[in-house]
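Q: Sharing a structure with you now.
Protein chains: 2
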Amino acid sequence: MITRLHGAGGKLMQELIKNLILKNIKLKSAGSLGLEDLDDSSTVNLGDKEVALTIDGYTVKPIFFPGGDIGKLSVCGTVNDLSCVGAKPLAIALSLIIPEGFEEEKLEKIIKSINLASKEAEVPIITGDTKVSDGVDDIVITTSGVGIVKKLVKDSGVKEGDAIIVSGTVGEHGLAILLEREGFEFEGDIKSDVAPLNKMIEDILDNIKVHAIKDLTRGGLANALNELSEKSRIGMIIEEEKIPIKDEVKAVCDILGLDPLTIANEGKIVLSVPKDEAEECLKILKRHKYGKDAEIIGYATKEADVVLLKTLVGKRILEPPIGDPIPRVC
Amino acid sequence: MITRLHGAGGKLMQELIKNLILKNIKLKSAGSLGLEDLDDSSTVNLGDKEVALTIDGYTVKPIFFPGGDIGKLSVCGTVNDLSCVGAKPLAIALSLIIPEGFEEEKLEKIIKSINLASKEAEVPIITGDTKVSDGVDDIVITTSGVGIVKKLVKDSGVKEGDAIIVSGTVGEHGLAILLEREGFEFEGDIKSDVAPLNKMIEDILDNIKVHAIKDLTRGGLANALNELSEKSRIGMIIEEEKIPIKDEVKAVCDILGLDPLTIANEGKIVLSVPKDEAEECLKILKRHKYGKDAEIIGYATKEADVVLLKTLVGKRILEPPIGDPIPRVC
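As structure tokens, this is what we get:
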């Protein structure tokens, strides 16, 4: 039986995907990145060029939350997934499944938010599909997108000695959803970080060499680093104190017993770049509003085959979460 | 408030899309066909070539039905939408939203069915997303696809004097769903016609001139003809007795008071071709198993500005359905 933990972006989901989906599908590739790569997007070879294709379903609860809503989330998620394989996003396809009885005002608010995200990213919504169904408890949005590959970047590209860079503070999105959903009241102002990162990533691709880029969604930084490490067959040493985390996120995580490194983000990426490009990468990130808190948090090394977290008291293995501590965050 | 009728592919859905979606989105195009065209796919201009992009969400109930299931439906729908704008489908993206507690055996059966459809169409499943949610009552599948445009074909391309051809018998899919869902027992064997039509359409594109192609999904033949007529600003005269309908479909429609021309199909297209290409088009269709019952059913004419149905007793306007007589068919 499939449980919520299977859908959380962690180990159980990986197993479900491998055993039930990958095993049973024969035709899985049309270019350099296919279904089995499990990267943020796959690619289609067109002879002299490659296009990237990605899809994501959104069932976030609640659909409106501090910092955004399901509409903004669905556009940014697709834009970021295309960007993370080194593609420039060109177009988005939008599928809406609307519950019967849904208020038109709510739909209009979501569409307006989709419009704002599309304008900020400068990526048009070129096609769509609308269904009304009594089988969903709230609106479900699925977005797909195509982009033109500029420089192909794969999760498996991390190299010995690479600097590992995170583009900003972690943990806000998942926490903002949780606090809104449960009605917790805390001092401070935790908002989702949901944002389109395509322009920042394009600036990186245009100016430096990058070995891997991954966005930190379900499973958070812990999951993203472990995926990169596994696919690239290389270890990492990450310094805990270098990881940017807002004080209010730390405080709330302490109270609730959550690990901010496993919490979903929607406007952050981790990059693996050659050591001698690290400072330049940081400089480029910091000139963008979504990269101003970027930090070099560690490096890739063959001396380990796992992700090691160096804390003030020693080293521990940073495991990917089994499931997500906070379900329905995206 | 949004009701089931808004999601049925008829007039109400057109209004919802125009007033709430198109009006509020600014960036809507990246090539020859964009969001406002409301064609089966849109296109992205890549300079020397164009790719087509489409998306469709599936909430069909029940998920298994005579002739297919939600998996086969989702692959064929996307393959057919790409083909109908004159593109060769190259890759599919697959989003699954699985309810908590869903049996793994059912998921495996659906994935195997997706695999068979993908193999028959020869279109790979290159990327995907899996969510588990307590917010859906059954599995929801959304598929998106990209294809390379071979000869761009638009809904607005119907020309004066064109022959209107339907590729086979109409009404089976929606009726098969209805009978399965309601547990009606009838003599005969009404199965969904769901099928990938890309090879048949490619054969047509390679050999004759086509002015428009549209697949007959929600709203059936009546909706497809009216969309072509409106977008091309030209009338049609359709001969009722030429429209291929299986006897058992006619019989069940009579009993239930349904009009087979408004019932959804998932493996049929209507084509508008120059008069002197009509016989050749029919010949090509008939050499494919999904086109063996093809018929020339009428012609386009400026003498009318609506779709006129010539019956044994006279002529009547063939209206698009307001909503779908059978909800959740796809």
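Residue numbers (the numbering used here), protein chains in the order written: chain A, 1 to 330; chain B, 1 to 330.
All residues carry an ideal CB built from backbone N, CA and C; glycine is no exception.
This structure is a prediction, so every number in the text was calculated from the model and none was measured.
Compare the C-alpha of A:Ser192 against each of A:Glu248, A:Glu160, A:His211 and A:Ile148 and name the closest.
A: Among A:Glu248, A:Glu160, A:His211 and A:Ile148, the Cα nearest to that of A:Ser192 is on A:Glu248.
Q: Any C-beta of chain B sitting closer than 8 Å to the C-beta of A:Phe102?
A: Output row for A:Phe102: interface = yes.
Q: Here's a check: name, in chain order, each residue in its chain whose Cβ is nearer than 7 Å to the Cβ of B:Ile148, leaving out the five neighbours to either side.
A: So the list reads Lys49, Val51, Ala87, Lys88 and Leu90, once near-sequence residues are dropped.
Q: Run through DSSP, which three-state label would B:Ala300 get?
A: The answer is strand: DSSP assigns B:Ala300 an E or B state.
Q: Just to confirm, is the Cβ distance from B:Val158 to B:Ser42 under 8 Å?
A: Contact: no.
Q: By the 10 Å Cβ neighbour count, where 16 or more other Cβ atoms means buried, how is A:Asp206 classified, buried or exposed?
A: Exposed is the call here.
Q: Do you know how far the Cα of A:Lys112 is from the Cα of A:Asn198?
A: Cα to Cα, the separation comes out at about 20 Å.
Q: To the nearest angstrom, report how far apart A:Glu172 and B:Leu318 are at their CA atoms.
A: Cα to Cα, the separation comes out at about 55 Å.
Q: For A:Val306, I'd like the list of residues in its chain whose CB is within less than 6 Å of its CB, leaving aside the five on either flank, ordered along the chain.
A: These residues qualify, in order along the chain: Gly235 and Ile317.
Q: Using the C-alpha atoms, what's the distance from B:Ile177 back to B:Pro62?
A: Spanning the two alpha carbons is a distance of roughly 7 Å.
Q: Quick one: complete beta strand (DSSP E) runs, 3+ long, within the stretch 141 to 191 of chain B?
A: Correct list: 163 to 166.
Q: When you check each C-beta in the stretch 40 to 64 of chain B against every C-beta of chain A, which residues fall closer than 7 Å?
A: Correct list: Ser41, Ser42, Val44, Leu46, Lys49, Val51, Leu53, Thr54, Ile55, Asp56, Gly57, Thr59 and Lys61.
Q: Report buried or exposed for B:Arg400, applying the criterion of at least 16 other Cβ atoms within 10 angstroms of its Cβ.
A: The first residue shown for chain B is 1 and the last is 330, placing residue 400 of chain B beyond what the model contains.
Q: Cβ closer than 7 Å: which chain A residues qualify as neighbours of B:Glu202?
A: Result: empty, since nearest Cβ-Cβ is about 17 Å, beyond 7 Å.
Q: Let me see if you follow: with CB-CB separation under 8 Å, is A:Met236 close to chain B or not?
A: It does not: the Cβ of A:Met236 has no partner Cβ on chain B nearer than 8 Å.
Q: Could you work out which residue in A:Gly77, A:Ile70 and A:Pro99 is closest to B:Arg4 when comparing CA atoms only?
A: If we check each option's Cα against that of B:Arg4, A:Pro99 comes out closest.
Q: Tell me which residues share the same chain as B:Val273 and place their Cβ nearer than 8 Å to its Cβ, disregarding the 5 neighbours each side in the sequence.
A: Correct list, in chain order: Asp162, Ala163, Ile165, Ile208, Lys209, Val210, His211 and Cys281.
Q: Return helix, strand or coil for B:Val79, following the three-state DSSP convention.
A: Helix at B:Val79.
Q: Can you give me the C-alpha to C-alpha distance between A:Lys179 and B:Asn265, rounded to a whole angstrom?
A: For clarity, residue 179 of chain A is Leu in the given sequence; the question names Lys instead. Straight-line Cα distance between these residues: approximately 45 Å.
Q: Would the stretch 116 to 132 of chain A and the stretch 250 to 261 of chain A be scored as touching if the rule is three or more Cβ pairs under 8 Å?
A: Cβ pair count under 8 Å is below three, so no.
Q: Find the residues of chain B that neighbour A:Ile97, judging by a C-beta separation of less than 7 Å, and give them in chain order.
A: What A:Ile97 touches in chain B: Gly57, Thr59 and Val140.
Q: Output the distance between the C-alpha atoms of B:Met13 and B:Ser144, rounded to the nearest integer angstrom.
A: Roughly 21 Å between the two C-alpha positions.
Q: Rank B:Thr142, B:Cys84 and B:Leu22 by C-alpha distance to the C-alpha of B:Val60 and give the top, closest one.
A: Residue B:Thr142 is the option with its Cα nearest to B:Val60.
Q: Is A:Val270 near A:Leu308, with beta carbons less than 8 Å apart?
A: In this structure, A:Leu308 does not lie closer than 8 Å to A:Val270 by Cβ.
Q: Residues in its own chain within less than 7 Å of B:Glu277 by CB, not counting five upstream and five downstream?
A: So the list reads Ile208 and Lys209, once near-sequence residues are dropped.
Q: Going by beta carbon distance, what residues of the same chain come within less than 6 Å of A:His6, once the five residues before and after it are set aside?
A: Excluding sequence neighbours, A:His6 sits near Leu12, Met13 and Leu16.
Q: Check each residue of the stretch 69 to 89 of chain A: if its Cβ is closer than 7 Å to any Cβ of chain B, include it; give the result in chain order.
A: Result list empty, no residue passes.
Q: Can you list, in chain order, the residues of its chain with a C-beta nearer than 7 Å to that of B:Thr78? Leave out the 5 residues immediately preceding and following it.
A: Same-chain partners within the cutoff: Thr54, Asp56, Ile92, Thr143, Ser144 and Gly145.
Q: Could you please give the first and the last residue of the uninterrupted alpha helix (DSSP H) stretch that includes A:Ile21?
A: First-last for A:Ile21: undefined, no H or E at that position.
Q: Below 7 Å on C-beta distance, what does B:Asn115 contact in chain A?
A: Ordered by position in chain A, the residues that pass the 7 Å Cβ test against B:Asn115 are Asn24, Ile25 and Lys26.
Q: Say whether chain B places a C-beta atom closer than 8 Å to the C-beta of A:Ile112.
A: In the sequence under discussion, the amino acid at residue 112 of chain A is Lys, which differs from the Ile named in the question. With 8 Å as the cut-off, A:Lys112 counts as an interface residue toward chain B.
Q: Just tell me which of A:Asn223, A:Tyr299, A:Lys151 and A:Ile238 has its CA closest to the CA of A:Ile204.
A: That would be A:Lys151, whose Cα lies nearest to the Cα of A:Ile204.
Q: Take A:Val153 as the anchor and find which of A:Lys106, A:Asp215, A:Lys23 and A:Leu312 has the nearest alpha-carbon.
A: Looking at the Cα atoms, A:Asp215 is the closest of the given residues.
Q: Could you tell me which residues DSSP pairs with A:Val307 in its beta bridges?
A: Looking at the DSSP assignment, A:Val307 forms a beta bridge with A:Met236.
Q: Given this structure, state the Cα-to-Cα distance separating A:Thr169 from B:Glu227, to the nearest angstrom.
A: Those two C-alpha atoms are separated by around 50 Å.
Q: When you compare each of B:Asn223, B:Gly188, B:Lys292 and B:Lys302 to B:Ile263 by their alpha carbons, which one comes out closest?
A: Measuring from the Cα of B:Ile263, the nearest candidate turns out to be B:Asn223.
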